[in-house]
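Chemist:
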Amino acid sequence: MPYRKLKRELLKAGFVARQGKGDHEVWSKDGITVVITQTREVSPALTRQALEAIERSKQK
541 MPYRKLKREL
551 LKAGFVARQG
561 KGDHEVWSKD
571 GITVVITQTR
581 EVSPALTRQA
591 LEAIERSKQK
């Protein structure tokens, strides 16, 4: 998934970003944390983790 699209989904779900080390960003909301890389195309595994975190945040 493109980084911009994933970032948009995280923002829409209410996640807040902070800079991690290097090209990593740490997104968090209500104790749910996900780390993604700032690359043009985010890997399928990181995309899956981020989308699962969004779903968990909606259930809270």
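Numbering (our numbering), first residue to last: 541 to 600.
Don't be surprised by glycine CBs; every beta carbon is placed ideally from N, CA and C.
Note that the structure is a prediction, hence the values are computed from the model and not measured.
Do you know offhand how far W567's Cα is from M541's?
Modeler: By one-based count along the sequence shown, residue 567 stands at place 27. By one-based count along the sequence shown, residue 541 stands at place 1. Their backbone Cα atoms lie some 17 Å apart in a straight line.
Chemist: Alpha carbon to alpha carbon, how far is Q559 from E595?
Modeler: Counted from its first residue, the sequence shown places residue 559 at position 19. Counted from its first residue, the sequence shown places residue 595 at position 55. Each residue's Cα considered, the two are about 23 Å apart.
Chemist: Applying the 10 Å Cβ sphere with the 16-neighbour rule, what's the burial state of K547?
Modeler: Working through the sequence shown from its first residue, we reach residue 547 at position 7. By the 10 Å Cβ count, K547 comes out buried.
Chemist: Check R580 in the structure and name its three-state DSSP category.
Modeler: On the sequence shown, position 40 is the one that residue 580 refers to. Residue state, collapsed to three classes: coil.
Chemist: Can you list, in chain order, the residues of its chain whose CB lies under 7 Å from that of Q589, leaving out five sequence neighbours each side?
Modeler: Taking the sequence shown and counting its residues from 1, one reaches residue 589 at position 49. Cβ within range, chain order: V574.
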